[in-house]
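Here the structure comes first, spelled out in structure tokens, and everything after it is commentary.
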Amino acid sequence: MNVRLLAKASIIALAAGAALPQAANAQGAASVLRDEIFVTATKKADAENVQDVPLAVTAYGDKTLDALKVRDLESLATSMPNVALDDVRTTAGTANFSIRGLGVNSSIPSIDPTVGVFNDGVYLGVNAGVVFDVFDLESIEVLRGPQGILFGRNVTGGAVLMNSKRPSFDGFEVSFKSAVESGFRGTGNNYYLMGAVNMPISDTFAMRVSAYYNDDRGWFENRHPVNGRENFGKSDTFMIRPSFYWAPVDGFDMLVRYEHGESKGDGPASQNHTNGLGQANPYANFSRDSFDLSIDETGFFDATWDQVTVENHLDVAFGDGTITNIFGWREYDVDGSSDIDATPLPLFHAPFTTDQNQISNEIRYNGRFFDAADLTLGFYYFTQDLAYNERRDIAFGTRRFFGGGVQDQRTWAVFGQIDLDLSSAFTLNLGARYTNEKKDVVISNLVLNSNSFFPTPDCDVRVSGDCIEDFVDGDTWKNFTPKVGFEWAATDFMNVYGHWTQGVRSGGYNFRNTAFASLPVIPPGVANPAYNPLFAPGPFDEETVNAFEVGFKAQPGDGAARINASIYYNDINNMQRELNLSDPVAGVVQVITNTADAHIFGIEIEGQYAVGDNLVLMGSLGHANGDYDSLLFDIGFPSVSPGVVDAADLQLKIPRLSPWTWATGFVHTLPLGGDTTFDTRFNYSHRDASYYTDNNLGVFNAVDILDASLALNLGETATVSFYGKNLLNEVNFGNDTQLPISLGGGTFSPLMKGRVIGLELSLTM
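When the letters of the sequence shown are read in order and numbered with my numbering, they come out as residues -2 to 762.
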């Protein structure tokens, strides 16, 4: 399929109705920010005002997302307190999200996240394919803290909810958006085309078709003397999403969405800089505060996905309630290759494939009884087939490793929550969830399948018996997670809330098993003297979080101001970590295990204040602090007391925990007469440095992000925007993997983009 031609044809077709203008009232960005935002975070039958929800939630409506020029979830990476929505960048689109210091550092698809992502109510079963571009959204909701009662496993840090725009009976409408961006570095531009058409077909049936195309000509420059080129980091992305809404009778409706997506491009912009042990690679060593790189392997990624969601609502007389059913199916496939050594020599290249297929269904009931009790009851089912295949070409291909794994997963759960009004001002929240999860795996150790120690031919783990299948296992985990909380309307403009709840991150297995020490027997059937069961690919146990939180939400000054604040404490048991360690043979060894018990506490404040009708001031502050309470594994290897778990290890800092995050900004709307307004937006955010690896050798830079935009609004019909992102040109990475001295040392640190300037035209007819 020619992605460019298909994308352009689809979007031009969607924009074909642009000759039908409609009158619109002017609404500048300042006015939009004062609008109420309704969220689905509590899974009630009807969306609720975010200020009334007893949770720490940051929500963005569609107009706010447009004003912020949100192209993917990473666009919001530093805009919220104690939140980091980053792409790991080993391969494009892989989420490396962290909230309140709970995050993962992994591109291994069998490793479950701490921050779950839900697309139109459907949980995405793997981190891969999460940070690709988003478009035509109604809202994004970011829930901080464990959400295990209503959203299940793998949301111990929080949850991100993406809600697509739905078909409407409000009339025929066409919207179109085009943008061009540049880093002004002598490299390629970045082009966007987006379009949507809403069509009421009858009084009971409506449809909406949205399409998106992005042609990124590459922001980086590869300095490799032979294979190097400007315009490195190219990608093409195309998505199309038809949706259908049917409401044949009062009290019943059905919403069907289908999405097809394709994205392909260069591999990671791999930088090598001095590592945490002070080792500088002699073949490539750049400043970690620069965008310089020199790699011989361009690499690539090629991803396709298809997904279907079906959402039904049925009103019932019992409790004047509603039954909601959400069915989801998704298939995601990606293959690619990355230059892991990040040098001009072929020292460590890694081709890979990931194939994922998931089906889920959630049915729940919402009702109200005795005008005092809101009841939510539900049943959830999820099944997933997953296959991961990896090859490693080490030292000019003289050492070659193959491996990976396949996994069958089945999860089911029952859950319930009741919000009991004890008075007109005080509500008691009680909830619980029981979950049963089973995983069966077949894993092939990469060292065992090699041309080095144990010569084997090229193999593919997706073909049964093709590789040496040294690890076959299965396990089941069962747990009960409760919640007790309260809501108190302290004044007519302030609500206070608090709760204790538990969250669970799934146990599981490590597909990227590269540890020689994980093999109890080595060919030809000899006991391995280096065997250590702690290095086995699993099963590792669940991670459990006991979370305590107290907060308030206030709107003083007749709603001119909004201020939300929370204090939280997370007690983490069996902390599940990926120990990312350099290895002289395999390049990098990743051991997944339960390493520690720890605690994290902090504060969060978000607020905005409307100065008159046309100026809104905004700000946020987050603080997180945490320590290990006890250690189950030597997390300090190799720099801190190697092979020993002692007090020195306890002094290490928890990865992904940035002590301070804060942001400040404003939006001003200048009326120019009639429906015409002019918006000025400014936002400055800061995130402290944090550690990438548990041994504190890998580091994420501190970043200060300045975003700004100017927009001319011709009513609600047309907007022309000039904007800048990361105007300070801050450097940061998706990860900071430490490389062994056998490959020259240094790091594999895939770069994020720096400064971007853009021009956008939006039309709504």
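Glycine is no exception: its CB is placed at the ideal position from the N, C-alpha and C atoms.
On a predicted model such as this, the values are computed, not experimentally measured, just so you know.
Check whether the Cβ atoms of residue 81 and residue 546 sit closer than 8 angstroms, and answer yes or no.
no
Which partner residues of residue 436 appear in the DSSP bridge assignment?
406, 472
Figure out for me which residue from 617, 482, 479 has the closest Cα to the Cα of residue 602.
617
How many whole angstroms separate the CB atoms of residue 260 and residue 90, which I take to be in contact at a CB cut-off of 8 angstroms?
7 angstroms
Looking only at DSSP bridge pairs, what is residue 737 linked to?
Answer by DSSP bridge pairing: none, since residue 737 is not bridged.
Taking DSSP's pairing of strands, which residues face residue 71 in a bridge?
Bridge partners of residue 71: none, in fact.
Same chain, Cβ closer than 6 angstroms to residue 321, five either side skipped, listed in chain order:
310, 361
Thinking just about the alpha-carbon of each residue, which of 219, 157, 754, 242 is nearest to the one in residue 206?
242
Does DSSP put residue 60 in a helix, a strand or coil?
helix
Name, in chain order, the residues that DSSP records as bridge partners for residue 705.
679, 721
Alpha-carbon to alpha-carbon, residue 745 and residue 58
37 angstroms
Reference residue 108, options 589, 527, 606, closest by Cα
589
The segment 344 to 358 in contact with the segment 324 to 334 per 3-pair CB rule at 8 angstroms:
yes
Assuming residue 505 and residue 536 make a contact with CB atoms under 8 angstroms, what is their CB distance in whole Å?
7 angstroms
So the candidates are 673, 727, 674, 622; which of them puts its Cα closest to the Cα of residue 96?
622
Just to confirm the assignment, what range does the beta strand (DSSP E) spanning residue 140 have?
134 to 141
C-alpha gap between residue 23 and residue 366, whole angstroms
Caution is warranted here: a pLDDT of 43 is assigned to residue 23, below 50, making its placement in the model unreliable, and the coordinate value is therefore given only provisionally. Each residue's Cα considered, the two are about 42 angstroms apart.
Answer with yes or no whether the minimum CB distance from residue 565 to chain B is below 8 angstroms.
Annotation note: the requested chain B is absent from the structure, which comprises a single protein chain.
Buried versus exposed, by CB contacts within 10 Å (16 or more), residue 151:
buried
Sequence-distant residues of the same chain with beta carbon closer than 6 angstroms to residue 250, five excluded per side:
244, 310
Where do the N-terminal and C-terminal ends of the alpha helix (DSSP H) with residue 644 fall, by residue?
644 to 647
Which class does residue 317 belong to by DSSP, given the choice of helix, strand or coil?
helix
Please go through the segment 594 to 630 and give each complete alpha helix (DSSP H) segment of 4 or more residues, from N-terminal end onward.
none
According to DSSP, simplified to helix, strand and coil, what is residue 101?
coil
Using a Cβ-Cβ cutoff of less than 7 angstroms, which residues in the same chain neighbour residue 679 once the five nearest sequence positions on both sides are dropped?
662, 663, 705
Residue 718: CB within 7 angstroms of a non-hydrogen atom of the ligand HEM
By its list of ligands, the structure shown contains no ligand whatsoever, and the ligand HEM lies outside what it can speak to.
Own chain residues within Cβ distance below 6 angstroms of residue 123, not counting five before or after
106, 353
Taking only three categories from DSSP, how would you classify residue 355?
strand
Roughly how far, in whole angstroms, is the beta-carbon of residue 111 from the beta-carbon of residue 502, given that I think they are within contact range, below 8 angstroms?
6 angstroms
Closest residue to residue 651 among 265, 754, 100 (Cα-Cα distance)
100
Once DSSP output is grouped into helix, strand and coil, what is the label at residue 652?
coil
Closest residue to residue 675 among 730, 717, 732, 461 (Cα-Cα distance):
717
The beta strand (DSSP E) that contains residue 495, what's its start and end?
491 to 502
Exposure label - residue 257; buried when at least 16 CB within 10 Å:
exposed
Tell me the residue span of the beta strand (DSSP E) that contains residue 241.
232 to 246
Per DSSP, residue 480 forms a beta bridge with which residues?
428, 498
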